[in-house]
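Same order as they appear, the protein sequences are chains Y and P.
Residue numbering for the first sequence follows the UniProt record's numbering, beginning at 1 and increasing consecutively.
Residue numbering for the second sequence follows the UniProt record's numbering, beginning at 1 and increasing consecutively.
In what follows, a single structure is set out as structure tokens and then discussed.
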Amino acid sequence: MAADVAGARRTPWVLLSPSLATISLLLIIPMMFIVVYSFWLRTATGADQVGFYLDNWIEVLGDRFYRDILFQTFAIAFYTTVICALVGYIPAYFVANTPMKSKTFLLLMLMLPFWISYIIRTMSWINILGTSGALNTLMISLGIIDEPIQMLYNQTTVILGLVHYLLPFMILNVYVSLDGIDKNLTEAAKSLGCTGWQAFREVTLPLSFPGLAAGSLLCFVLAAGTYITPIVLGGPRDAMFANLVFEAIVTQLNWPLGSALSLVLLALLGALVVIYTRYLGVDQIAKSFK
Amino acid sequence: MMSGWSLIRITTILVYLFLFAPVAVVILLAFNANQFGSFPIEGFSTRWFEALWNNDAIIRAFKTSLLLGALTSSISTTFGTLAALAMVRYDFPGKRSISTLLVAPILIPEVVLAVALLLFLQFLSMPKSFGLLLMGHVVFTLPFVVLVVQARLVSIRRDVEEAAMSLGATPIQTFFEITLPLMMPAVMAGMLFSFTISFDDITGTLFWKPGGVETVPTQIFAMLRNSISPEINALGAVMVIFTIALPLIATAIARIASARKIRAQKAAA
């Protein structure tokens, strides 16, 4: 019997061991490694000098260039998140309050963008906004313009691409929390004399806040960590922080510097995640998988 | 009040349009006969699909993506399902921290994860390889499997298992005869999810892939950087159809299988 109890106690750990081993070996240890690595030095010969050098950190934290791009990255992520929240709340509200029959369809349509590749969705904007894209062709044929105008490759198109990519994450998260609200609450508020708008503002909106927060966190973190969208839809001056990481690691092969850069990104975005989980827990994000 | 609701409805339609119109344009242009593969529309043609079919680089990328996706989803679904079982069925000390650890790969920006894994393996003198790509995809898709399977596992009742055990089945027997069949839809969902994520991934893949190896997304990316080749839209259309058809087919198969099972059970009763 005692052996049985000990066995039962061991079972969850046996079940968890492959996943925990994978995450430890391929994530936790590598993360610790790049912390150490960021203090090494890449020499002119291309070999790493092992030691404790602050050079990479001084460069990353002291150089205006990196600070400007970091600021720009956060600005882009911030605009993207705000637009997603404003634009995404309305369809989420509609789907949550629509009769069951169309709800299933609308939810399916909402899941669809998740299945469509990110790179396809990003590049699809070239077909819309490019010089021989849909919008230019339309405006020329309508006689509004004579020459195609260059609408692509600026910060606005980067934000547009990111909104297009991240909006479903926001809608889904807001929908999940709106759907969980007891409809009787708004009815009660109305029967107590609230107008529809007041009931929304005082009851529904605060109760949907966890979903809005989860969606915003996802949008912000995913937007701030991207480097594909700026390459595809941005101009040469629209590089984001992750582009610097990619350049340092893949192009310049300056791995210690790349380590320091990625740790800066991790520290800033990680701080957001920690603050978020402290107040709301990871469970809210997990809810959208149901 | 009614006008408020109509406004919400119209906005919703516009948002859905915003989400799908660009993708619809990709599919439209894929069938366009225009020699630059852009507007104006000059008639229906499948020439870009033919060009795609004859493009060795693209076919190779497709095969790589398929293999990578299949291996990734097999491994991460196996690992993730076991972990989800532990999380749903057992109570143990430190469960909260374990739960955070299991989703850690999606809490960390993918770029950082990509850099850490790449540099660590380079440090261990393992060059960029298909194996590295696979490891990266497994660790990145694992949390999604855990979350998806966990969410569906909660709703499976335990009394059937307990009945089997009380009738003398060993735990192993119970797992394979009762638990696993009941879990199958959850496992399939996890598998599909991890396959699609792996198939679509570009952020990590660009860091991990060895020179000369391309997956479909990195191939598209490379084509975009060189010049906007008209084949891209055809490739995009294939990708869209592929990634949409796959879950639909899987759902249909699951539905047919479960309908057959119910019929068999009824017949047996």
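Just so it is clear, CB atoms sit at the ideal spot from N, CA and C, and this is done for glycine as well.
Bear in mind the structure is a predicted one, so any value in this text is a computation, not a measurement.
Residue 150/P in three-state terms, based on DSSP: helix
Who pairs with residue 44/P in a beta bridge, going by DSSP? 32/P
Across which residues does DSSP place residue 49/Y in a beta bridge pair? 41/Y
Report, in whole angstroms, the separation of the C-beta atoms of residue 85/P and residue 153/P, which I expect to be a contact under 8 Å. 7 Å
From residue 1/P to residue 102/Y, what distance separates their C-alpha atoms? With a pLDDT of 49 at residue 1/P, under the threshold of 50, the modelled position of this residue cannot be trusted; read the value that follows with caution. If you take the alpha carbons of residue 1/P and residue 102/Y, they lie about 21 Å apart.
Please state whether DSSP places residue 150/Y in a helix, a strand or coil. coil
Residue burial classification, residue 209/P (beta-carbon count within 10 angstroms, cutoff 16): buried
Nearest-angstrom Cα separation, counted from residue 193/Y out to residue 137/P: The alpha-carbon atoms of residue 137/P and residue 193/Y are separated by roughly 55 Å.
Does the beta carbon of residue 200/P sit closer than 8 Å to a beta carbon anywhere in chain Y? yes
Residue 140/P beta carbon less than 8 Å from that of residue 110/P: yes
Residue 121/Y at chain P interface by Cβ criterion, 8 Å: yes
Which residues of chain Y have a Cβ atom closer than 8 Å to the Cβ of residue 232/P, listed in chain order? 123
CA-to-CA distance, residue 149/P to residue 77/P, given in whole angstroms: 9 Å
Residue 185/Y and residue 203/Y look like a contact to me (Cβ under 8 Å); what is the Cβ gap, rounded to whole Å? 5 Å
Would you call the segment 236-246 of chain P and the segment 140-158 of chain Y touching, i.e. three or more CB-CB distances under 8 Å? no
Check residue 238/Y in the structure and name its three-state DSSP category. It is coil, neither helix nor strand.
What are the boundary residues of the alpha helix (DSSP H) that includes residue 270/P? It is not possible to answer for residue 270/P, since the shown part of chain P is limited to 1 through 269.
Within a Cβ cutoff of 6 Å, which residues of the same chain sit near residue 65/P, ignoring the five residues on either side of it in sequence? 199, 215, 216
Within a Cβ cutoff of 7 Å, which residues of the same chain sit near residue 37/Y, ignoring the five residues on either side of it in sequence? 255, 256, 259
Quick one: which residues of the segment 13-24 of chain Y get their C-beta closer than 9 Å to a C-beta of chain P? List them in chain order. Along the segment 13-24 of chain Y, the positions whose C-beta sits under 9 Å from a C-beta of chain P are 13, 14, 15, 16, 17, 18, 19, 20, 21, 22, 23, 24, read in chain order.
Chain-ordered neighbours of residue 79/P on chain Y, where CB pairs are closer than 7 Å: 18, 19, 22
So is residue 279/Y buried or exposed if we call it buried at 16+ other beta carbons inside 10 Å? exposed
Whole-angstrom C-beta distance between residue 229/Y and residue 131/Y, which should lie under 8 Å: Not a contact, Cβ separation roughly 20 Å.
Specify the secondary structure class of residue 74/P as computed by DSSP and reduced to three states. The three-state secondary structure of residue 74/P, taken from DSSP, is helix.
Suppose the cutoff is 8 Å on Cβ atoms and the five residues either side in sequence are ignored; what does the same chain contact list for residue 49/Y look like? 40, 41, 42, 43
Given a limit of 8 Å on CB to CB distance, which residues of the segment 44-59 of chain Y reach chain P? none
Cutoff 7 Å; reference residue 71/P; Cβ partners in own chain excluding five residues on either side: The residues 134, in chain order, have a CB closer than 7 Å to that of residue 71/P in the same chain once the five nearest residues on each side in sequence are set aside.
Quick check on the burial criterion: 16 or more other C-beta atoms within 10 angstroms. Buried or exposed for residue 172/P? exposed
Could you check what DSSP says for residue 92/P in three-state terms: helix, strand or coil? Annotated three-state conformation of residue 92/P is coil, per DSSP.
Neighbour-count burial assignment, residue 141/Y, 16 or more Cβ in a 10 Å radius: exposed
So which of 56/Y, 110/Y, 231/Y, 54/Y has the shortest CA-CA distance to residue 95/Y? 110/Y
Cβ closer than 8 Å: which chain P residues qualify as neighbours of residue 191/Y? Result: empty, since nearest Cβ-Cβ is about 15 Å, beyond 8 Å.
Closest by C-alpha distance to residue 13/Y, when choosing among 197/P, 16/P, 143/P, 88/P: 88/P
What's the gap between the Cα of residue 5/P and the Cα of residue 190/Y? 16 Å
Below 8 Å on the Cβ atoms is my guess for residue 269/Y versus residue 221/Y; work out the distance and round it to an integer in Å. Right, their Cβ atoms sit about 5 Å apart.
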